[in-house]
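Engineer: What follows is a single structure, and I will ask about it in a moment.
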Amino acid sequence: MKDFKYANSILGVLFFVLGAWCYWESGEYVPWVEMEGQMGAHIFPRLFAGALMFLSALMIFMDVKQFTKATIISFDGIGVVFVIAVLCFAFWYFIPIVGFLSTATLFVCIITAIATRKLRIFDYISVVVVLSFIYFIFANLLKVPLPRGFFI
Amino acid sequence: MKKVKIAVLALFVSVVSLLFGVEAALAAYPDKPIEWVIWSSPGGGADIFVRSMARILEPLIPQPFVPVNKSGGGGAVGMAYAASKAADGYTILAVTPNFVLTPALGRSPKGPADFDAIARVAVETNVVAVSSKAPYKTWAELVDYAKKNGGVSWGSFGVGTSDHVASAKLAKLAGITARFVPFEGGGDSLASLLGGHIDVLTNNPSELAEQIEAGEVVLLGSFSEERWKPYPTVPSFRELGYDVVVPTWRGVVAPKGTPKEAIDYLASAIEKAIGEKSFQDYLTNNGLEPAFQNGTDFGLFVAEQDAFYKQELASLGLSNKK
Amino acid sequence: MESVLMLMGGFRDILSFQGILSIFMGSAFGITIGALPGLNASMGVALLLPLTYGMAPLPAIVMLMSIYCGAIYGGSITAILLRTPGTTAAACTVFDGYEMAQNGEPGRALSMAATASFIGGIFSVIVLVFLSPPLARMALMFGPAEFFALCFFGLSIITSLSADNMVKGLISAVVGLLLGTVGIDIVTGVARFTFNFAELLNGVSFIPVLIGLFAVSQVFITFEQNILELGGVKQAISSLRISMKDLWSVSGTITRSSIIGTIVGILPGAGATMAAFIAYNESRRWSKTPERYGKGCLEGIAAPESANNAATGGSMVPLLSLGIPGSETTAVLIGAFMIQGLRPGPLLFREQPRLVYGLFAGMFMANVAFFVLGMLGSKLFAQVTKIPNKILLPTILVFATIGSYAESNSLTDVFLMFFFGSLGYFFRKLEFPVAPLVLALVLGPMAESNLRRGLIISGGDWSTFVTKPISLTLLAIGFFTLVMPFVRMYKERKKAKTA
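Protein chains in written order, with our numbering: chain A, 47 to 198; chain B, 1117 to 1438; chain C, 20 to 518.
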């Protein structure tokens, strides 16, 4: 994707939809008991959702009228970010099934592979050593509970 | 790395032996650490209770306890987690009245029906306190004041907690208007009471102990059945003619289907621990009263409490709304 | 005069071998806990609480206080080096600290943080020793109405935090406010935006959001920009520490921030994070060169760090003189007192003055201890910026995972952390400032619950907020802070037109 200049308008629409949805959702929170001085649970979410809709409309307006400089972004590197993000969520998904230490070992090795794009054994050994060290500190010294799975 | 490998291997072996040898494992219960689920964060009331109790229990049984904090949602997270574990006696959960209140308010899919009771450990009470600078020093004076001034502002721990239920019932019986001000922690509400921002506060006596001794706070009454032992001069509300007895309690439960042997084993260990001097001291220091009940009795007690709170919540218009 | 003598006695009591050992052990542990993302001061104290069962009261409680002070300082280390605030109180230190480390001056940034924390901490201890009783009475004057006004003042900073792009900054803030409404509404008991996830009933936890928005988004950005360029910092690293001249140049900021931090710390429930944000903004407001903030200036580190450590002494004021815990950590400290068969409060002053002054002296020494350790360590810590990206990036992701899991043992928090990491990436790509979101998420829920509490107490009468002098003053200052950037924008536009 080349330099894309309608980002602000599109974002404005997205935020407007988010605001509208929050506004609609908070309709559910109207209190069932009336009490003197008691503000319902819906007031604040409604207020904020309304503000979000107003601001995003303002942003679209200013972008279309070109009052503000268009935000020009390039998505040249989005591919690698997308891969990393997917890996992160996969990591999260597999922790409770496989276990923290084993999943994390695989995860850091893949991340290092992407970072270096080489297969230098030394790099992998060093990240695994660092990982074991962190694990040792948290699990054994600080006794902080860590996610567990089938294999550690 | 070798250590890790050995650990992996050891774990694998133990898992396999567990799969094939459940019967044998049970005969020697407990033969591995017992996970004790706490539904407050480290340092919270339930957390300190469990950790103190585990320390006293540990010499009495061959395996250690592993406290696991699963805080959130008035116990809903802890209940969901504990209920998802195997009912093999190696997972137990510490409970308070939230055990029945949170499900009754529709905030937890898991509830007493998903657990077997092991034992009740202690009971405590809530008290109604006012600042010593206030123009009222007794409950009757407070009622007069409230009637003259169109109501009082009353601090509690949020809608649907045991202290809110008790106070709301009391205010209703006394015929006074109470504007309930919800607070998140004992510190904030106490500061508001001392600063004169709220008129009345319902709280745990142990959180007020220092202020009571220093004469900053006056107790008007307790929600216990009889006078609360540490404060014999404070009347109970039942004594004053209001039928509001709302005990709070601490107990231990396990996921439904836990073997009877394991439950009895733990219950008798807890009973022994309650008899220890150090535990008695801990309880008195924290305003708790030892009140052991075994699994069967505690189960019946929970069912009774469940019905009681459901009825009270319904009369307050709070029950299981969606 | 009497209290000076008592304090001397306190120093005599604490400066034993065991006392000094427990102070330094506590500080070292506290700095570690604070620096590790996700583990905060209250967890650190709770973790070491069982160790104190067998200790004498004075060293036991002093050790835990050292953890508290050390952890609040330690949070700045990872904030500066890795853009990962170790504690929530260090969220503000990221803005300038990380930039400064990236400019090749991690040593200067770290020693600034240690020095500012030290001065702020010592200032607050002095206030604690000499002014506790009157200040505690002042804290009681803060009811829900006053707290709402204080939160409003804190939130009003949003406009100046987003002055570069007002609309986007405000959108970011409103998203933070909406996130703050997630969870059980404390007043009515309704579950808002939880979609039947029990984990969301207590609201969106702050730590995963913080780690995601700052640290993980940074990892993504680094991957995008210079994966092949190995090494965390582009510039050569200078081994410089701060000089006396530097310290002199930020002395005004540190004094102001220490006062702000102590006062905010005294108010039960307000805490170190709010203190840091307010101090940061005030420092920028009074600065002659506000445009340097956020690009790596010393004041931007000095202000939040002196304020958040000043809040440690402040929070001990209501604890020791009233028995009221003003923060999560002091609530855990009450547990430590009770283990020793003691109860903090007015009676403790009367019955055990020797212990109380020992605690004062111990807290003083705790600040000295983390300062010594921090200054000695700053050179060593600064080496972190030399770690190549190929090692650093996976390590940060692992830290982020453990840190967000640790607070409530919840994998949902880990998911949230990665989610906010992705969101933070887009926010930064699309030029949305992140700071307003963080601030709104901290203060929004407090503002809401106190506003509603205030209204319940007054029976629905809104005038309660403007008839109380403290509340009125704070609201007025807040309103002024809120509109100031708009006024400035208007003036600049007018100037541009006439020119």
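Ideal Cβ placement from N, Cα and C applies to all residues, glycine included.
Whose C-beta lies closer than 6 Å to the C-beta of Ala-1383 (chain B) among residues of the same chain, with five residues either side of it excluded?
Structural biologist: For the purposes of this step, residue 1383 (chain B) is taken as the residue at position 267 of the second sequence. Excluding sequence neighbours, Ala-1383 (chain B) sits near Ile-1234, Ala-1235, Asn-1410, Gly-1411.
Engineer: Closest to Gly-1276 (chain B) by CA distance: which of B:Pro-1346, B:Val-1246, B:Pro-1219 is it?
Structural biologist: The residue given as residue 1276 (chain B) occupies position 160 in the second sequence. Of the candidates B:Pro-1346, B:Val-1246, B:Pro-1219, the one whose C-alpha sits nearest the C-alpha of Gly-1276 (chain B) is B:Pro-1219.
Engineer: Return no unless some Cβ of chain C is closer than 8 Å to the Cβ of Phe-62 (chain A).
Structural biologist: On the first sequence, position 16 is the one that residue 62 (chain A) refers to. Output row for Phe-62 (chain A): interface = no.
Engineer: So, for Tyr-1347 (chain B): in the same chain, excluding its five sequence neighbours on each side, which residues have a beta-carbon less than 8 Å away from its beta-carbon?
Structural biologist: Within the second sequence, residue 1347 (chain B) is the residue found at index 231, counting from 1. Val-1243, Pro-1321, Ile-1328, Leu-1335, Ser-1338, listed in sequence order.
Engineer: With distances taken from CA atoms, which of C:Thr-500, C:Leu-68, C:Leu-129, C:Pro-163 is nearest Gly-288 (chain C)?
Structural biologist: Here the question's residue 288 (chain C) lines up with position 269 in the third sequence. Minimum Cα distance to Gly-288 (chain C) is reached at C:Pro-163.
Engineer: Assuming contact is defined by CB atoms lying nearer than 8 Å, are Leu-1416 (chain B) and Pro-1406 (chain B) in contact in what I supplied?
Structural biologist: Counting from one through the second sequence, the residue named residue 1416 (chain B) turns up at place 300. Counting from one through the second sequence, the residue named residue 1406 (chain B) turns up at place 290. Result no, Cβ atoms of Leu-1416 (chain B) and Pro-1406 (chain B) do not sit closer than 8 Å.
Engineer: Are the C-beta atoms of Ala-47 (chain C) and some chain B residue less than 8 Å apart?
Structural biologist: Counted from its first residue, the third sequence places residue 47 (chain C) at position 28. So, not an interface residue.
Engineer: Among all the DSSP beta bridges, which residues are the ones paired with Arg-1366 (chain B)?
Structural biologist: Here residue 1366 (chain B) refers to the residue found at position 250 of the second sequence. Beta-bridge pairing links Arg-1366 (chain B) to B:Ala-1238.
Engineer: So which residues on chain C does Ile-1314 (chain B) lean against when the C-beta distance must stay under 7 Å?
Structural biologist: Translated into positions along the second sequence, residue 1314 (chain B) becomes position 198. Residues of chain C passing the Cβ test: Ile-476.
Engineer: DSSP three-state call for Asn-54 (chain A): helix, strand or coil?
Structural biologist: Translated into the one-based positions of the first sequence, residue 54 (chain A) becomes position 8. Correct three-state label for Asn-54 (chain A): helix.
Engineer: Asn-54 (chain A) to Thr-117 (chain A), Cα distance in whole Å?
Structural biologist: As a position in the first sequence, residue 54 (chain A) is number 8, starting the count at 1. As a position in the first sequence, residue 117 (chain A) is number 71, starting the count at 1. Distance between the alpha carbons of Asn-54 (chain A) and Thr-117 (chain A) is about 6 Å.
Engineer: Measure the Cβ-Cβ separation of Thr-149 (chain A) and Val-174 (chain A) and say whether it is below 8 Å.
Structural biologist: Mapped onto the first sequence, residue 149 (chain A) falls at position 103. Mapped onto the first sequence, residue 174 (chain A) falls at position 128. No.
Engineer: Please name the residues in the stretch 386 to 403 of chain C whose beta-carbon is closer than 8 Å to at least one beta-carbon of chain A, in chain order.
Structural biologist: Against chain A - using a Cβ distance shorter than 8 Å - the stretch 386 to 403 of chain C contributes no residues.
Engineer: Determine whether the Cβ of Pro-413 (chain C) lies closer than 8 Å to any Cβ atom of chain A.
Structural biologist: By one-based count along the third sequence, residue 413 (chain C) stands at place 394. Cβ-Cβ to chain A under 8 Å: yes for Pro-413 (chain C).
Engineer: Have a look at Val-1129 (chain B) and Leu-187 (chain A) and give me their C-alpha separation to the nearest angstrom.
Structural biologist: For the purposes of this step, residue 1129 (chain B) is taken as the residue at position 13 of the second sequence. For the purposes of this step, residue 187 (chain A) is taken as the residue at position 141 of the first sequence. With a pLDDT of 46 at Val-1129 (chain B), under the threshold of 50, the modelled position of this residue cannot be trusted; read the value that follows with caution. Val-1129 (chain B) and Leu-187 (chain A): Cα-Cα distance of roughly 25 Å.
Engineer: Which of the residues in the stretch 204 to 229 of chain C, read from start to end, lie with their CB under 7 Å from any CB of chain B?
Structural biologist: Residues passing the 7 Å Cβ filter: Ile-205, Val-206, Thr-207, Gly-208, Ala-210, Ala-217, Glu-218, Leu-220, Asn-221.
Engineer: Going straight from the alpha carbon of Asn-386 (chain C) to that of Ile-279 (chain C), what length do you get?
Structural biologist: Mapped onto the third sequence, residue 386 (chain C) falls at position 367. Mapped onto the third sequence, residue 279 (chain C) falls at position 260. Their backbone Cα atoms lie some 18 Å apart in a straight line.
Engineer: Given that Ser-85 (chain C) touches chain A, what residues does it touch there, using C-beta distances under 9 Å?
Structural biologist: Numbered from 1 along the third sequence, position 66 holds the residue referred to as residue 85 (chain C). Chain A residues near Ser-85 (chain C): none, gap ~16 Å exceeds 9 Å.
Engineer: Show which residues of chain C have a CB atom less than 8 Å away from the CB atom of Ser-1269 (chain B).
Structural biologist: Your numbering for residue 1269 (chain B) matches position 153 in the second sequence. By Cβ distance, chain C contributes Ile-475, Ile-476.
Engineer: Of all the residues that make up the stretch 425 to 453 of chain C, which are near chain A by a beta-carbon distance shorter than 8 Å?
Structural biologist: Under the 8 Å Cβ criterion, the stretch 425 to 453 of chain C contributes Ala-425, Asn-428, Leu-430, Val-433, Phe-434, Phe-437, Gly-440, Ser-441, Tyr-444, Lys-448, Leu-449, Glu-450.
Engineer: Exposed or buried, which one is Thr-1349 (chain B) when buried takes at least 16 other CB atoms within 10 Å?
Structural biologist: Counting from 1 along the second sequence, the entry for residue 1349 (chain B) is found at position 233. With fewer than 16 Cβ atoms within 10 Å of its Cβ, Thr-1349 (chain B) is classed as exposed.
Engineer: Using a C-beta to C-beta distance shorter than 9 Å, which residues of chain C count as neighbours of Ile-1164 (chain B)?
Structural biologist: Along the second sequence, one-based indexing puts residue 1164 (chain B) at 48. Those are Ala-65, Leu-68, Val-351, Gly-354, Met-357, Ile-358, listed as they occur along chain C.
Engineer: Who are the near neighbours of Val-1239 (chain B) in its chain, counting only those whose CB is closer than 6 Å to its CB and skipping five residues on each side?
Structural biologist: The sequence position of residue 1239 (chain B) within the second sequence is 123, counting from 1. If we look at Val-1239 (chain B) and ignore the five residues flanking it on each side, its Cβ neighbours are Pro-1363, Trp-1365, Glu-1405, Ala-1407.
Engineer: Residues of chain C with CB under 9 Å from Trp-201 (chain A), in chain order?
Structural biologist: This structure does not reach residue 201 (chain A), given that chain A is present from 47 up to 198, and the question cannot be answered.
Engineer: Near Ser-477 (chain C), what residues of its chain come up, given a Cβ to Cβ distance below 8 Å and the 5 sequence neighbours on each side ignored?
Structural biologist: Taking the third sequence and counting its residues from 1, the one referred to as residue 477 (chain C) is at position 458. The answer, listed in chain order, is Ala-164, Thr-483.
Engineer: Taking the alpha carbon of Gly-57 (chain C) as the point to measure from, which residue in C:Leu-68, C:Met-82, C:Gly-105 has its own alpha carbon closest?
Structural biologist: Here residue 57 (chain C) refers to the residue found at position 38 when the third sequence is read from its first residue. Nearest option by C-alpha distance: C:Gly-105.
Engineer: Since Ala-419 (chain C) contacts Ile-230 (chain C) with CB under 8 Å, what's their CB separation in whole angstroms?
Structural biologist: Locating residue 419 (chain C) in the third sequence gives position 400, where the first residue counts as 1. Locating residue 230 (chain C) in the third sequence gives position 211, where the first residue counts as 1. Yes, Ala-419 (chain C) and Ile-230 (chain C) are in contact; Cβ-Cβ is about 5 Å, under 8 Å.
Engineer: Examine the Cβ distances between the stretch 1142 to 1152 of chain B and the stretch 1199 to 1209 of chain B and report whether three or more of them are shorter than 8 Å.
Structural biologist: Yes: the two stretches touch, three or more of their Cβ pairs being nearer than 8 Å.
Engineer: Between Val-190 (chain A) and the rest of its own chain, which residues show a CB-CB distance below 6 Å, the 5 nearest in sequence each way excluded?
Structural biologist: Here residue 190 (chain A) refers to the residue found at position 144 of the first sequence. Once the five neighbours on either side are set aside, the close Cβ partners of Val-190 (chain A) are Phe-184.
Engineer: Using the beta-carbon of each residue, which ones in chain C are nearer than 7 Å to Ser-1157 (chain B)?
Structural biologist: Here the question's residue 1157 (chain B) lines up with position 41 in the second sequence. What Ser-1157 (chain B) touches in chain C: Ser-427.
Engineer: Determine, using beta-carbon pairs with one atom in the stretch 491 to 505 of chain C and one in the stretch 268 to 277 of chain C, whether at least three such pairs fall under 8 Å.
Structural biologist: No, because fewer than three Cβ pairs between the stretch 491 to 505 of chain C and the stretch 268 to 277 of chain C fall closer than 8 Å, the two stretches do not touch.
Engineer: Compare the Cα-Cα distances from Pro-407 (chain C) to each of C:Met-44, C:Val-461, C:Leu-101 and report the closest residue.
Structural biologist: Counting from 1 along the third sequence, the entry for residue 407 (chain C) is found at position 388. For the residues C:Met-44, C:Val-461, C:Leu-101, the minimum Cα distance to Pro-407 (chain C) belongs to C:Leu-101.
Engineer: Output the residue ranges of the alpha helix (DSSP H) runs that lie fully inside the stretch 1229 to 1314 of chain B and measure 4 residues or longer, sorted by chain position.
Structural biologist: 1255 to 1264, 1278 to 1290, 1302 to 1310, all fully within the stretch 1229 to 1314 of chain B.
Engineer: How about Ser-175 (chain C) and Ser-191 (chain C): are their beta carbons less than 8 Å apart?
Structural biologist: Start at 1 with the first residue of the third sequence, and residue 175 (chain C) comes out as number 156. Start at 1 with the first residue of the third sequence, and residue 191 (chain C) comes out as number 172. No, they are not a contact pair.
Engineer: Nearest CA to the CA of Val-1333 (chain B): which residue from B:Leu-1306, B:Pro-1225, B:Phe-1273?
Structural biologist: Residue 1333 (chain B) sits at position 217 when you count from the first residue of the second sequence. The shortest Cα separation from Val-1333 (chain B) among B:Leu-1306, B:Pro-1225, B:Phe-1273 belongs to B:Leu-1306.
Engineer: Once the 5 residues before and after Asn-221 (chain C) are set aside, which same chain residues still bring their CB inside 6 Å of it?
Structural biologist: Locating residue 221 (chain C) in the third sequence gives position 202, where the first residue counts as 1. Answer for Asn-221 (chain C): Gly-202, listed in chain order.
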